[in-house]
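A.B. asks: Let me give you the structure first, and then I'll get to my questions.
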Amino acid sequence: MPKKSDPFTIDLFDDDIEINPNRIKLAEDAVVLRGYASAIAVDLIKSLDSILAHSPLRQMQTPNGYPMSVRTASCGALGWVSDAQGYRYERKDPLSKQSWPPMPQNFIELANNAAKEAGFNDFTPDSCLINGYLAGAKMSLHQDKNERDFSAPIVSVSLGLPAFFLFGGNARSERPQRHRLEHGDVVVWGGSSRMKFHGIEPLIDGIHQLLGRQRINLTFRKVI
Ligand code: MD3
Ligand code: FE
755 MPKKSDPFTI DLFDDDIEIN PNRIKLAEDA VVLRGYASAI AVDLIKSLDS ILAHSPLRQM
815 QTPNGYPMSV RTASCGALGW VSDAQGYRYE RKDPLSKQSW PPMPQNFIEL ANNAAKEAGF
875 NDFTPDSCLI NGYLAGAKMS LHQDKNERDF SAPIVSVSLG LPAFFLFGGN ARSERPQRHR
935 LEHGDVVVWG GSSRMKFHGI EPLIDGIHQL LGRQRINLTF RKVI
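Numbering (the working numbering), first residue to last: 755 to 978.
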């Protein structure tokens with residue numbers, strides 16, 4: 755009997771082979787769950803609005819003193835910050851001088867369910883980095899290595915305008931794969947993919963029905 759409850763599971767029964775076109779393997783331990791967050795996007799954006807009312811998106815300075823083109827904020831126990839002191843996670847928002855807003859339940863559940871779909875049970879993120887892209891904003895090829903726990907995956911959720919995502923190798927010099935990430939797409943990166951170089955091409959202007967002229971990316975992390 756085919757399992758109907760969970761369209762993202764690939765079932766291999768005696769003669770029942772389900773191939774799910776919404777589940778795309780990019781590499782070992784890296785999977786795109788296309789549209790996985792679409793149905794709850796309106797709720798996610800409501801939660802996002804209350805977070806950003808307390809800790810708004812802002813341009814952090816790189817350690818070299820340049821403003822990032824992407825605007826960032828965080829929620830959860832720890833938030834990502836960058837300034838002349840370097841990249842790191844902090845318990846307080848340097849702008850509000852208060853704790854980062856707590857991670858809303860719908861964020862936690864989405865991250866945990868998506869990680870499970872990709873084979874990572876019991877993912878409990880303690881940080882959600884919110885990246886806001888306007889036209890032209892980009893993220894150069896980099897590795898995420900400021901987290902203490904590299905055994906946990908990173909779950910990323912794309913909202914608003916589409917973007918081209920670059921997925922490279924273990925060296926910056928390796929030519930990256932290029933993928934379009936759309937509103938509602940969720941990507942889970944773990945295991946051998948966790949330390950791969952990756953980036954986002956300059957955002958192409960457009961108008962999204964829910965978010966207008968921007969792209970928002972949520973990345974759920976276990977930092978400690
Ligand atoms: C692959 N953000 O915040 S999310 C970042 O769309 C970041 O804003 C991009 O890279 C964005 O650090 C890409 C996809 C992503 C996130 C983390 C990864 C891909 C990853 C970690 C390892 C490998
Ligand atoms: Fe990254």
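For glycine and all other residues, C-beta sits at the position ideal for the given N, C-alpha and C.
Just grab the DSSP bridge partners of Q931 for me.
C.D. replies: F921
A.B. asks: Got a sec? Which residues, its chain only, sit under 7 Å from S850 by beta carbon, not counting five neighbours each side?
C.D. replies: H808 and S809
A.B. asks: For G945, does the three-state DSSP call read helix, strand or coil?
C.D. replies: helix
A.B. asks: Looking at the ligand MD3, does it come within less than 7 Å of R948, judged from the CB to the closest heavy atom?
C.D. replies: yes
A.B. asks: Quick check: the Cα distance between F974 and E863, rounded to an integer number of angstroms?
C.D. replies: 11 Å
A.B. asks: Whole beta strand (DSSP E) runs in the region 786-848 with 3 or more residues, listed along the chain?
C.D. replies: Fully enclosed beta strand (DSSP E) runs of 3 or longer: 825-829, 833-837 and 840-844.
A.B. asks: Whole angstroms are fine: how far does the CA of I961 sit from the CA of F921?
C.D. replies: 25 Å
A.B. asks: What residues are listed by DSSP as bridge partners for R975?
C.D. replies: S881
A.B. asks: Going by DSSP in three states, K892 sits in which element: helix, strand or coil?
C.D. replies: Annotated three-state conformation of K892 is coil, per DSSP.
A.B. asks: What do you reckon, is the C-beta of F877 under 7 Å from a heavy atom of the ligand MD3?
C.D. replies: no
A.B. asks: Count the other CB atoms, across all protein chains shown, that sit within 10 Å of the CB of R932; report buried if there are 16 or more and exposed otherwise.
C.D. replies: Looking at its Cβ environment, which holds fewer than 16 other Cβ atoms inside 10 Å, R932 is exposed.
A.B. asks: By a C-beta neighbour count over all protein chains shown, 10 Å radius and 16 as the cutoff for buried, is S905 buried or exposed?
C.D. replies: exposed
A.B. asks: Around the C-beta of V796, are 16 or more other C-beta atoms found within 10 angstroms, so that it is buried, or is it exposed?
C.D. replies: By the Cβ neighbour-count rule, V796 is exposed, with fewer than 16 other Cβ atoms within 10 Å of its own.
A.B. asks: What is the rounded straight-line gap between the Cα of W854 and the Cα of D880?
C.D. replies: Annotation: W854 to D880 spans about 11 Å, alpha carbon to alpha carbon.
A.B. asks: Which of the three DSSP states, helix, strand or coil, is assigned to L915?
C.D. replies: coil
A.B. asks: When DSSP labels each residue in this structure, what does K779 get in the three-state scheme?
C.D. replies: strand
A.B. asks: Can you have a look at P907 and say buried or exposed, based on whether 16 or more other CB atoms are within 10 angstroms of its CB?
C.D. replies: With 16 or more Cβ atoms within 10 Å of its Cβ, P907 is classed as buried.
A.B. asks: Identify, in the order they occur along the chain, each residue of the same chain with its Cβ nearer than 8 Å to the Cβ of K950, setting aside the five sequence neighbours on each side.
C.D. replies: Cβ neighbours of K950 beyond the five flanking positions: A781, A784, Q897, F921, G922, G923, N924 and W943.
A.B. asks: Comparing the CB of L816 with every heavy atom of the ligand MD3, is any distance shorter than 7 Å?
C.D. replies: Position check: residue 816 holds Thr in this sequence, whereas Leu was assumed. No; taking the cut-off as 7 Å, the Cβ of T816 has no heavy atom of the ligand MD3 nearer than that.
A.B. asks: When the Cα of D718 is compared with those of G945, C829, E844 and Q859, which residue comes out closest?
C.D. replies: For residue 718 there is no data in the structure shown, the boundaries of the chain being 755 and 978.
A.B. asks: At a cut-off of 7 Å, would you count H933 as near the ligand FE, judging by its Cβ distance to the nearest heavy atom?
C.D. replies: No, the beta carbon of H933 sits no closer than 7 Å to any heavy atom of the ligand FE.
A.B. asks: How is I961 classed by DSSP in three states: helix, strand or coil?
C.D. replies: Of the three classes helix, strand and coil, the one that applies to I961 here is coil, per DSSP.
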